[in-house]
Amino acid sequence: MSAPAANEVAAIAFTRPPSRARANGPLARRSPGFSRIVTTAVLGQNFRSTCFRRPTMRNRINEEITFRKLEVLLAFMEAGSLAKAAEALGVSTVSVHRALHTLEEGMHCALFRHEGRNLLPTEAAQVLAEVADEVIKTMTDGIRATREAAGYGAGQLKIGSLYSLTIRTVPEVVIALKERRPQLQAELVLGSNADLLDKLRQGAIDATLMALPEPDAEIESIALFEDEMFFAAPVDSPYARCDAIDLGACRDEPFVSLGDGFATHRGFTEAFRAASITPNIAMRVGDIFSLINLVSGGVGYSLLPGRVRDLFAHKITLVPIAGHTIRQTIGLSFLHRRERDPNLLALATVCRLTVKASNRG
Numbered sequence: 001m002s003a004p005a006a007n008e009v010a011a012i013a014f015t016r017p018p019s020r021a022r023a024n025g026p027l028a029r030r031s032p033g034f035s036r037i038v039t040t041a042v043l044g045q046n047f048r049s050t051c052f053r054r055p056t057m058r059n060r061i062n063e064e065i066t067f068r069k070l071e072v073l074l075a076f077m078e079a080g081s082l083a084k085a086a087e088a089l090g091v092s093t094v095s096v097h098r099a100l101h102t103l104e105e106g107m108h109c110a111l112f113r114h115e116g117r118n119l120l121p122t123e124a125a126q127v128l129a130e131v132a133d134e135v136i137k138t139m140t141d142g143i144r145a146t147r148e149a150a151g152y153g154a155g156q157l158k159i160g161s162l163y164s165l166t167i168r169t170v171p172e173v174v175i176a177l178k179e180r181r182p183q184l185q186a187e188l189v190l191g192s193n194a195d196l197l198d199k200l201r202q203g204a205i206d207a208t209l210m211a212l213p214e215p216d217a218e219i220e221s222i223a224l225f226e227d228e229m230f231f232a233a234p235v236d237s238p239y240a241r242c243d244a245i246d247l248g249a250c251r252d253e254p255f256v257s258l259g260d261g262f263a264t265h266r267g268f269t270e271a272f273r274a275a276s277i278t279p280n281i282a283m284r285v286g287d288i289f290s291l292i293n294l295v296s297g298g299v300g301y302s303l304l305p306g307r308v309r310d311l312f313a314h315k316i317t318l319v320p321i322a323g324h325t326i327r328q329t330i331g332l333s334f335l336h337r338r339e340r341d342p343n344l345l346a347l348a349t350v351c352r353l354t355v356k357a358s359n360r361g
């Protein structure tokens with residue numbers, strides 16, 4: 001072999017299974033016990049691959065041996081008869097007998113003996129029942145742990161929310177959720193609509209209260225209520241005494257706005273676009289409470305949702321916008337694949353009841 005050829009392939013070493021397996025083709029060479037180390041040299045540089053050794057596969061369990069049949073066995077051992085086991089399981093006696101018979105076939109040994117019309121377990125059945133009890137318990141724990149790792153039915157629920165919803169909606173929801181599920185720990189994560197939607201997709205939060213996002217097959221959303229956008233002015237401003245505000249008459253006034261990604265900023269933009277004017281932005285802020293303080297302090301005017309009115313009536317006045325009604329639809333959003341999560345079902349129920357009670361009030 002020439003030097004260049006030697007540089008291209010330095011060495012290939014195989015440890016193979018018996019020759020009979022080799023005769024069966026490439027797939028047979030990947031059977032248990034097979035390992036391969038390949039050392040190659042390309043352009044004079046060696047690259048050594050990782051040595052993989054597949055673990056020896058355990059004996060495959062007969063397909064006739066299932067969790068359901070093991071549960072039937074345990075019910076029979078506890079009840080003492082086919083009829084009582086069937087009653088406990090809510091199935092027919094024939095179904096219990098068939099399950100035990102096929103389980104026995106799958107085990108390839110006698111599990112029961114007949115004494116007259118009675119079916120009695122053998123010592124082998126006693127051994128299998130003890131093992132089955134542990135297997136069922138272990139699998140039950142494993143299912144619960146797996147679901148908790150994925151956030152399903154866990155003891156903690158991370159709820160996202162817009163800042164403005166913490167004034168009234170979120171406290172009412174959290175209190176009602178605690179009453180319904182006392183053991184559930186709720187954690188609140190605040191952010192803009194865009195931030196919350198990103199966190200939801202990434203699994204950083206379990207659900208979020210925010211303005212409904214655009215239709216998405218991966219996101220399940222439940223509309224809860226609508227909120228209208230208003231012109232916000234300091235309580236001592238001349239605009240505070242108006243019945244309605246024409247945005248066109250305010251084109252030269254300074255405005256304070258939230259940043260991109262906030263639902264309120266989207267409503268702000270829509271309102272000025274509908275009025276065919278470009279607002280004079282004096283400042284942008286990252287949360288609605290700072291924005292309200294800046295409006296109250298005279299830095300500029302803004303557009304805000306009606307839900308902030310009650311808490312800040314001493315600081316700002318919300319005046320209807322003439323000719324243009326801009327609304328936000330607030331709702332609960334979560335991943336579609338988790339629509340059957342018991343914690344999220346409880347949260348959805350609580351949100352609906354809370355909003356309904358607020359509307360009655």
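Going by full-length UniProt numbering, the first residue of the sequence shown is number 1, and it counts up by one from there.
For each residue, glycine too, the CB sits at the ideal point set by N, CA and C.
Please read these numbers as outputs of a predicted model, since none were measured by experiment.
9 Å Cβ cutoff met for residue i and residue j
| i | j | result |
| --- | --- | --- |
| residue 268 | residue 276 | no |
| residue 119 | residue 155 | no |
| residue 351 | residue 188 | no |
| residue 329 | residue 212 | yes |
| residue 157 | residue 110 | no |
| residue 319 | residue 271 | no |
| residue 220 | residue 333 | yes |
| residue 114 | residue 62 | no |
Same chain, Cβ closer than 8 Å to residue i, neighbours up to 5 away in sequence not counted
| i | result |
| --- | --- |
| residue 355 | 169, 224, 225 |
| residue 218 | 201, 335, 336, 337 |
| residue 18 | In this prediction, residue 18 scores a pLDDT of 40, lower than 50, which makes its location untrustworthy; the coordinate-derived value is nonetheless stated afterwards. Counting only Cβ-Cβ distances below 8 Å, and skipping sequence neighbours, we find nothing. |
| residue 68 | 99 |
| residue 299 | 254, 256, 282, 283 |
| residue 83 | 93 |
| residue 112 | 100, 104, 119, 120, 121, 122, 125 |
| residue 349 | 180 |
| residue 65 | 103, 106, 107 |
| residue 285 | 256, 257, 258, 259, 291, 294 |
Collapsed DSSP secondary structure at residue i in the structure displayed
| i | result |
| --- | --- |
| residue 379 | Limits of the chain in this structure are 1 at one end and 361 at the other, which puts residue 379 out of reach. |
| residue 262 | coil |
| residue 331 | strand |
| residue 103 | helix |
| residue 343 | helix |
| residue 289 | helix |
| residue 226 | strand |
| residue 235 | coil |
| residue 171 | helix |
| residue 83 | helix |
| residue 51 | Per-residue confidence for residue 51 stands at a pLDDT of 41, beneath the threshold of 50, marking its modelled position as unreliable; the derived number appears in the next sentence. Residue 51 falls in the coil class under three-state DSSP. |
| residue 204 | coil |
| residue 325 | coil |
| residue 270 | helix |
| residue 180 | helix |
| residue 91 | coil |
| residue 256 | strand |
| residue 114 | strand |
| residue 349 | helix |
| residue 132 | helix |
| residue 249 | helix |
| residue 244 | coil |
Alpha-carbon to alpha-carbon, residue j and residue i
| i | j | result |
| --- | --- | --- |
| residue 193 | residue 141 | 37 Å |
| residue 315 | residue 293 | 8 Å |
| residue 358 | residue 197 | 26 Å |
| residue 159 | residue 89 | 39 Å |
| residue 204 | residue 181 | 21 Å |
| residue 438 | residue 77 | Residue coverage of the chain in this structure runs from 1 to 361, which leaves residue 438 outside it and unanswerable. |
| residue 106 | residue 207 | 45 Å |
| residue 311 | residue 343 | 30 Å |
| residue 297 | residue 215 | 39 Å |
| residue 171 | residue 236 | 31 Å |
| residue 166 | residue 304 | 15 Å |
| residue 79 | residue 346 | 36 Å |
| residue 243 | residue 317 | 11 Å |
| residue 313 | residue 222 | 30 Å |
| residue 273 | residue 331 | 25 Å |
| residue 36 | residue 145 | Confidence is the limiting factor: at residue 36 the pLDDT is only 35, short of 50, which leaves the residue's position unreliable, though a coordinate-based value still follows. Roughly 36 Å between the two C-alpha positions. |
| residue 199 | residue 161 | 11 Å |
| residue 307 | residue 150 | 34 Å |
| residue 340 | residue 136 | 23 Å |
| residue 233 | residue 291 | 11 Å |
| residue 263 | residue 301 | 17 Å |
Residues near residue i by beta carbon distance below 7 Å, same chain, minus five either side
| i | result |
| --- | --- |
| residue 261 | 192, 193, 194, 195 |
| residue 390 | Since the displayed the chain opens at 1 and closes at 361, residue 390 lies outside it and no answer follows. |
| residue 309 | 318 |
| residue 265 | 257, 258, 259 |
| residue 353 | 176 |
Other residues of its chain near residue i: CB distance less than 6 Å, five sequence neighbours each side excluded
| i | result |
| --- | --- |
| residue 85 | 75, 76, 79, 96 |
### Task
Determine, using beta-carbon pairs with one atom in the region 239 to 259 and one in the region 270 to 290, whether at least three such pairs fall under 8 Å.
With the cut-off at 8 Å, the region 239 to 259 and the region 270 to 290 touch.
### Query
Contact between the region 126 to 139 and the region 172 to 191: three or more CB pairs below 8 Å?
When C-beta atoms of the region 126 to 139 are compared with those of the region 172 to 191, fewer than three pairs fall below 8 Å, so the two segments do not count as touching.
### Task
Could you tell me whether the region 316 to 330 touches the region 229 to 236, using the rule of 3 or more Cβ pairs below 8 Å?
Between the region 316 to 330 and the region 229 to 236, the count of Cβ pairs shorter than 8 Å is three or higher; the stretches touch.
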